[in-house]
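Working notes, structure below.
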Amino acid sequence: MSEEKKEPSFLEKTLLRGSFQGVVGANALGVSDPIYNLVMKNPEIMELREEDYQKKLQEYKHLGVAGNPSYMQDTDLSELVLKQIDVQMRMAKFGELYDIMQKMGKSFESKLPEQIKNLSFDSIFKKGTDEKTGKFDEKKLSEDEKIGLSMYNEFAEFYRNTCKGSTINKFAYQDMNSSLKAVWEKYNPTPKEETPKK
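Just so we're aligned: 2 in this note's numbering is position 19 of the sequence shown, and the numbers increase by one with no gaps anywhere.
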């Protein structure tokens, strides 16, 4: 009996959505790049623009506003997509991010330590932020949380770079593998060989 295929999570659908990756890559390259204009004409992105327009149109009718609303500009639409991705990544557990990032290409050479798999950026940021002042203090974090925060930044950078294209993608994997290996070694140090006694 074949194993039932697991339905992709909302996070996975968001991060691996080709049109969304295109927006991330195009914005990283710059709005003056010809690729940016092509990406913003993607049918899925145009659909988001239309959904926003229809929503505003209903609001106009409800409020009795005369005329029709304007369609979102490319920059505003980019901001909408980038915010969706940012919110999803911040909420996600690092173990989930690790698994999804591997689906963007070849597998990583090192695993993610169990100690940080169930942590998320939001949970760490909430713990480190003073409720009264709103200031973030890294001293409030455990060593695992500090490492997790660093890994989140690595995942976010990896995602952006991978979305830019194949040339940068190669270096993104090298950097990510180096970071993962260093973290894995920290939790699972390689036993030192004993020097034979003379």
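Virtual Cβ for every residue (Gly too), placed ideally from N, Cα, C.
The model shown is predicted, which means the values in this text are computed figures rather than measured ones.
Checking 7 Å against the spacing of the C-beta atoms, do residue i and residue j come in under that value?
| i | j | result |
| --- | --- | --- |
| G13 | C146 | no |
| S103 | E137 | no |
| L(-6) | A75 | yes |
| N160 | F77 | no |
| S61 | N10 | yes |
| I107 | E126 | no |
| V105 | G111 | According to the sequence displayed, residue 105 carries Asp and not Val. Result no, Cβ atoms of D105 and G111 do not sit closer than 7 Å. |
In its own chain, which residues sit with a C-beta less than 7 Å from the C-beta of residue i, not counting the 5 before and 5 after it?
| i | result |
| --- | --- |
| G5 | V22 and N25 |
| D35 | M55 |
| T(-3) | F3, Q67, I68 and Q71 |
| S(-15) | Unreliable positioning characterises S(-15) in this predicted model, as indicated by a pLDDT of 48, which lies under 50. A coordinate reading is not provided. |
Name the one or two DSSP bridge partners that residue i has.
| i | result |
| --- | --- |
| K76 | S103 |
| T112 | F119 |
For residue i, report the span of its alpha helix (DSSP H) as first-last.
| i | result |
| --- | --- |
| Q37 | P26 to L46 |
| Q4 | G1 to L12 |
| T173 | That residue, T173, is in no alpha helix (DSSP H); it is neither H nor E in DSSP. |
| K(-4) | F(-7) to L(-2) |
| E140 | E126 to K147 |
| P17 | P17 to V22 |
Just to confirm my understanding: we take residue i, look at its own chain, exclude 5 residues before and 5 after, and list those with CB closer than 6 Å. What are they?
| i | result |
| --- | --- |
| L124 | G111 |
> On the three-pair Cβ rule with 8 Å, is the segment 163 to 170 touching the segment 86 to 97?
Replying inline: The answer is yes - the segment 86 to 97 touches the segment 163 to 170, with three or more Cβ pairs under 8 Å.
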